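So the sequence shown is numbered by the working numbering: it starts at 327 and just counts up by one.
The structure under discussion appears below in the form of structure tokens.
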Amino acid sequence: MKIIIGSNNKKKLKELQALLGEYGVELVTPAMLGLTLEPEETGSTFEENSLIKASAFAKETGLPCIADDSGLEVKALGGRPGVYSARYAGELATDGEKMDKLLGELEGVTDRAARFVSVATYCAPDGTVIQARGECPGEILLEKRGTNGFGYDPVFFCTEAGECFGEVSPEEKAKYSHRGRSLALLKEKLRPILEDNNA
Ligand code: IMP
327 MKIIIGSNNK KKLKELQALL GEYGVELVTP AMLGLTLEPE ETGSTFEENS LIKASAFAKE
387 TGLPCIADDS GLEVKALGGR PGVYSARYAG ELATDGEKMD KLLGELEGVT DRAARFVSVA
447 TYCAPDGTVI QARGECPGEI LLEKRGTNGF GYDPVFFCTE AGECFGEVSP EEKAKYSHRG
507 RSLALLKEKL RPILEDNNA
């Protein structure tokens, strides 16, 4: 069974290959098919944006697609930046600039609870849609720590790991991460479809 993923990110490809390998799934990226489609993320929830991406690629290629949408929700900011996490400090802002803006907005704020959220969506050309959500609770630190990971990792203290994501290895982060969780749950939900195709 061939599945397209809604991203050209090599790390996401590897993560999914490791997860779905046992079912003999062949994963391809848009770039591997010469596709330059960039669906506009116009939704107001992770579920909506994840489905926008997955259905656009399924429609364009006639293949089932797995896509994910993720971001950071900060309690004191009413859940912002949320679905706008990538664009929080402008389209061209660096990760450093995004974190500086966040630390600025949270200056003097004592309740620093936050969570990373990821929603993974499987969408098939026949209209089948399966979604799974993963969350990773934590707190926004007072300043950056470490240089590992990406995005907001250096200001995110993961409660369950008891460490800042900017200071842990990718393997350690994967144990707790929102994306790892949404993809593992999606795999469970997809099991009947994948086993059927493998039979
Ligand atoms: P998207 O899921 O590619 O639309 O982008 C989500 C944005 O949320 C990223 O650009 C990051 O800024 C942020 N984000 C999502 N997951 C993580 C993570 O694991 N660590 C740090 N930042 C993240």
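Glycine included, C-beta positions come from ideal geometry on N, C-alpha and C.
Please read these numbers as outputs of a predicted model, since none were measured by experiment.
{"Item": "So with Cβ pairs under 8 angstroms, would you call Ala458 a contact of chain D?", "Value": "Of the protein chains in the structure, only one exists, and it is not chain D."}
{"Item": "Of all the options Ile378, Gly492, Leu467 and Glu341, which has the alpha carbon lying nearest to the alpha carbon of Gly580?", "Value": "Given that the chain is displayed from residue 327 to residue 525, the structure contains no residue 580 and the question cannot be resolved."}
{"Item": "Measuring CA to CA, which of Gly350, Ala510 and Arg406 is closest to Ile456?", "Value": "Ala510"}
{"Item": "For Glu461 and Ser508, I'd like the C-alpha separation in whole angstroms.", "Value": "8 angstroms"}
{"Item": "What I want to know is whether the C-beta of Ala393 ends up closer than 7 angstroms to one or more non-hydrogen atoms of the ligand IMP.", "Value": "no"}
{"Item": "DSSP state of Val435, grouped into three classes?", "Value": "coil"}
{"Item": "Looking only at DSSP bridge pairs, what is Gly464 linked to?", "Value": "Ala440 and Cys484"}
{"Item": "If you drop the 5 nearest sequence neighbours on each side, which residues of the same chain put their C-beta closer than 8 angstroms to that of Arg406?", "Value": "Glu399, Val400 and Tyr414"}
{"Item": "In three-state terms, what does DSSP make of Gly397?", "Value": "strand"}
{"Item": "With H, G and I counted as helix, E and B as strand and the rest as coil, what does DSSP make of Leu353?", "Value": "strand"}
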